[in-house]
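Protein chains in written order, with the numbering used here: chain Z, 1 to 795; chain B, 796 to 956; chain H, 957 to 1257.
Here's the structure we're looking at; comments come further down.
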């Protein structure tokens, strides 16, 4: 008889500090660059200096002659590897998908395209040897602009994609209907929006280490991946043509991803193939920052023209959007889904808009590939609609807050179908979040102060920016997002296995995995409350394809809502069995017992309870099980969500703009977010902070820039301005709670909300500060110079 | 093109986290690689090529420096502390404790450099304002946290003293 | 002689990698004379001071010296001493300058030095290295110009004094010979206790001066007796805005005279830099704005 255990402390909703942290604050984290394998060799890549060129010849011999160099290869040595897969092609339209090979063959399409590789005993030697390789190129004409690429006479990248067009996609009403609706509108306005290219910039770059086992023919691949199971599938089935089980993928600690570590990259199969060629010596590739900037994926890069129609009192009646989406030199893993499903179908934002049409043309250019970056499509959509709301306010004279209020989808409208092919929004109270934000920030007082400064001719102008956002998280029901619908080339469910072991110590394996989000903490909090097992007795295992059930990975704010639900459902299954076995042990019928706080007892007699630990022991030793019951508490769930979740909220940004110089101060930032129910407020707060910083950085600081020759001008952290501590404000967070009906926790997802909301909040604030001067548009990043120019041009 | 140079080797004596090391190093070896590759102290990270990110920050003779911008040879005769030496599991440095308590980290990649930079800063300014903390972090980039909880972590450590 | 104190503004590299320098010979002389002898004998040798310009350039393989002459262990090259004006040893780190006593007459030096790079950079980077490197966006180049400083340089032919006015001659170029080493920087007492300020618009990523303006103004009987205004970030190297300086002389330092001077601040700077972040036109505007602000701050307005 095990001593009676008190019910463990309730964990859900508690802001407990993370269990991941002790190793990370003491230098004991294991990132990919920290792995040490005996006999490991290092790759140095030879990259094209030209953005577009024919490869005329490659001479590896100077490199091979250098001491410490073990081997060197060109793309011709890897023709047995297929090009990387295009896993998400846009649904319902033709996709001219051209994906990269592990090394470019015959032609390069971006500056930084790898054309050869050297293998050396250490990193310094690999770098020396890569520099010694002689490549003869014949330069070809270059195009870097996503809209110009589709114009007649533009340089052509791929034969398979005439006019550089990847795809042409649309959603919403037909052209005639939208044009009529615009023609009938009492007020119209238009905006030209450049949603500039961003570089994700996790502080840890990307890398791969592969080890081939000549005895078994199996590979182990360590990767900085947000989706190790998917990488195994893609590399095995599509690149190498071997069974999935021949590859074990492991994501060690990952130093941030923000989307850029979702995708299948050249170095993954390349390190594997070289390890095999070299008899199983472990092969390591680890980007430096320059390589990360030129050849890991970028985000955003849309050029958009918007026309909006509204009534004189500010109700939006029609929205017509034409977007050119630059996807770079090749089709990255899920590139097509971002500007289509995750952008076009979210363009309606929080609003009831009766007539919408979105046209998207995706193009190839001689630039780094563009794919999902934090928010992925939704920030671009939120930016369009939130800038549009302010444009409607300006055109009608209605206050920006009132424009939003007049157009909001109302709480009783849910589930709400926006009519552009998105799943129905699950739940919301958009006006509630707006009202709370306006009250907290003192909106009327700010407007009065803004006017006072203008009237007094003061040097520092005040700008107030609103952003009421909704986004789609918890992706996604497989039958909606999959090939028959939105074109995603697989399912998008998630998995969890729970084993309550003999001692009651519990291990949960999950297909979700962290790259900073604290899954080990949040998931254990969730399971602890459900199972009544102490938090410290539960361990979360992840990131290794050998030890975890298949999962699609962590992105799209889906870990808790989809992966967490799989855990939740597995706890239900464990509890079912615990109740059956507990009833048997209590010599009661299953109908007569209850499970509460980790104990099974006959209703009305909680003192004579069997604890889950006692029951786990009985299940494991299996001396006395009910007829037909299998031993062990071990349950797995594969969970396919019935819908996505739709977090929302209102952010308010207050800026001061210096009338003389265009310099900006971020004076105040207030976020009211509704992410549904929260498991760990500390972690959710951190996600929002980081998201807000990334989003405001797009508005003010960041922008990847290529010259006309396709050279990345912002190729290092001395040019590309990710925000520093003194460049961001104090974030005031508040919330409303509208549980999602989609999952049993009522959670909506919090990973991307901040990024989606903050860019338009900051941008609207800047434009708001100078609108009285006649400025109605400034492109991002809204640098002091751009603001200064806008103020001058309007005068 | 690199030219073949008769490689001289530099003998160095460096004390790291209280342990004396004698080594013969390539002149071009960066201190961060000495720590990571030669000594196996992989808590010090590399996040950029341009002395921008601060993930490699250590204490060299008591001062915070970017170990990617120092040759090992320059550190001959010096005393170094890395993240592995600043606290123990039982007795975390107050800055480590602050980062844990205030959720000052997410992915943890920048964190060792942040902690080393913050610890050195608090030595010179034990009671800083928020603005002073933010300026002290000028050379350390974090992409996850938006810095607010890092500021709070350092305030926590300052209060703890 | 390439060396200095701050990471350089990185030119675009065509698809190459960073982090790993090429091979070189390493020498660590114990005296300046020994260092000079090595430099004189080996044209492929470079001086390594704080290393915060040279090492980043070497990592990117923009610099690949055959020999590195590490002057970090030479005694007597660092420290701040008072002698009418102030003399600062070439190997004095930014941090040491910020912490030094004796600079009371020149508050602009410490105010500007606190804005160089970041704390880690300031712990390694040196004033001599900065002036020798002559980065177009460095901070102390302008400050030393404004204070009419001069450097002492030692070479095979002996020691000489070079006014900073004559030191900066072009982009990343000084008037020193490749076998000369700066041993100290001297600030005369001309502007000791005078009105002075440094205003900077930092690049959002690098922290370098997009434009920085240092001013020093000496008054007599309520009028400006002499003024020096130096601009960094905008021209190809730090330069004086002499027209603006002249406009102040003989006037009371007030809003009107400051505005008039600021309007002339770009007249002597030649062609201005432009990059992704700021065009030459905007830099020109910032020069005027920051000249006005620096003079206003110096004047206590």
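By construction, the Cβ of each residue, glycine as well, lies at the ideal position given by its N, Cα and C atoms.
Closer than 7 angstroms at the beta carbon, the chain B residues around residue 12 (chain Z): Here the premise fails: no neighbours, minimum Cβ distance about 17 angstroms.
For residue 997 (chain H), count neighbouring Cβ atoms within 10 angstroms of its own Cβ and tell me buried if that reaches 16, exposed if not. exposed
Hey, residue 827 (chain B) and residue 873 (chain B): beta-carbon distance below 8 angstroms or not? No, they are not a contact pair.
Looking only at C-alpha atoms, which of B:838, B:850 and B:822 sits nearest to residue 1011 (chain H)? That would be B:822, whose Cα lies nearest to the Cα of residue 1011 (chain H).
For chain H, check one thing: does any of its Cβ atoms lie closer than 8 angstroms to the Cβ of residue 63 (chain Z)? no
By how many angstroms is the C-alpha of residue 748 (chain Z) removed from the C-alpha of residue 528 (chain Z)? Their backbone Cα atoms lie some 20 angstroms apart in a straight line.
What are the residues of the segment 655–688 of chain Z that lie near chain H, defined by any Cβ-Cβ distance shorter than 7 angstroms? 660 and 661
Test: residue 916 (chain B) CB closer than 8 angstroms to a CB of chain H: Yes, residue 916 (chain B) counts as interfacial toward chain H.
Should residue 796 (chain B) be labelled buried (16 or more other beta-carbon atoms within 10 Å of its own) or exposed? The pLDDT assigned to residue 796 (chain B) is 30, lower than 50, so where the model puts this residue is not dependable, and the model offers no usable value.
Buried or exposed for residue 876 (chain B), going by 16 or more other Cβ atoms inside 10 Å? buried
Residue 809 (chain B) touches chain Z at which residues, Cβ-Cβ below 9 angstroms? Under the 9 angstroms cutoff, chain Z gives no residues; its nearest Cβ is about 18 angstroms from residue 809 (chain B).
If we define contact as Cβ-Cβ less than 8 angstroms, is residue 851 (chain B) a contact residue for chain Z? no
Does the beta carbon of residue 705 (chain Z) sit closer than 8 angstroms to a beta carbon anywhere in chain H? yes
Own chain residues within Cβ distance below 7 angstroms of residue 1126 (chain H), not counting five before or after: 1192 and 1193
Residues that DSSP places opposite residue 1159 (chain H) in a beta bridge: None, per the DSSP bridge assignment.
How about the segment 613–626 of chain Z and the segment 695–712 of chain Z: do they share at least three Cβ pairs that are nearer than 8 angstroms? no
Along chain B, in chain order, which residues have C-beta atoms closer than 9 angstroms to that of residue 42 (chain Z)? Those do not exist, as residue 42 (chain Z) stays about 11 angstroms from chain B at its closest Cβ, beyond 9 angstroms.
Step through the CB atoms of chain H and report whether any lies within less than 8 angstroms of the CB of residue 156 (chain Z). no
What's the gap between the Cα of residue 446 (chain Z) and the Cα of residue 452 (chain Z)? 10 angstroms
Using a Cβ cut-off of 7 angstroms, which residues of the segment 709–724 of chain Z contact any Cβ in chain B, in chain order? 716, 717, 718, 722 and 724
Neighbour list for residue 798 (chain Z) in chain H, Cβ cutoff strictly below 8 angstroms: Given that chain Z is displayed from residue 1 to residue 795, the structure contains no residue 798 (chain Z) and the question cannot be resolved.
From the DSSP output, which residues share a beta bridge with residue 687 (chain Z)? Answer is none; residue 687 (chain Z) lacks a bridge partner.
Using three-state DSSP, classify residue 550 (chain Z) as helix, strand or coil. coil
Beta-carbon within less than 6 angstroms of residue 169 (chain Z)'s beta-carbon, same chain only, minus the 5 sequence neighbours each way: which residues are those? Taking residue 169 (chain Z) as the centre and dropping the five residues before and after it, the same chain places the C-beta of 90, 93, 340 and 360 closer than 6 angstroms to its C-beta, in chain order.
Nearest-angstrom Cα separation, counted from residue 1109 (chain H) out to residue 1244 (chain H): 34 angstroms
Can you give, in chain order, each stretch of the alpha helix (DSSP H) that sits fully within the segment 339–425 of chain Z and has at least 4 residues? For the segment 339–425 of chain Z, whole alpha helix (DSSP H) runs of length 4 or above, ordered along the chain, are 378–396 and 400–407.
Members of the segment 276–291 of chain Z that neighbour chain H once the beta carbon cut-off is set at 7 angstroms: Close to chain H, meaning a Cβ-Cβ distance shorter than 7 angstroms, are the following residues of the segment 276–291 of chain Z: 288, 289, 290 and 291.
Continuous alpha helix (DSSP H) assignments of at least 4 residues falling wholly in the segment 131–207 of chain Z: 175–184
Tell me residue 648 (chain Z)'s beta-bridge partners as DSSP assigns them. DSSP lists Z:470 and Z:674 as partners of residue 648 (chain Z).
Look up residue 55 (chain Z) in the DSSP assignment and give the residues it is bridged to. Z:137
Distance, residue 1133 (chain H) Cα to residue 865 (chain B) Cα: About 26 angstroms.
Determine the burial state of residue 783 (chain Z): buried for a count of at least 16 other Cβ atoms within 10 Å of its Cβ, exposed for fewer. buried
If we cut at 8 angstroms on Cβ distances, does residue 1101 (chain H) have a partner in chain Z? no
Given this structure, state the Cα-to-Cα distance separating residue 351 (chain Z) from residue 12 (chain Z), to the nearest angstrom. Roughly 33 angstroms between the two C-alpha positions.
Could you give the first and the last residue of the continuous beta strand (DSSP E) run that contains residue 807 (chain B)? 805–811
Partners in chain Z for residue 1193 (chain H), counting only beta-carbon separations shorter than 7 angstroms: Going along chain Z, no residue has its Cβ under 7 angstroms from residue 1193 (chain H), so there is no contact; the nearest lies around 19 angstroms.
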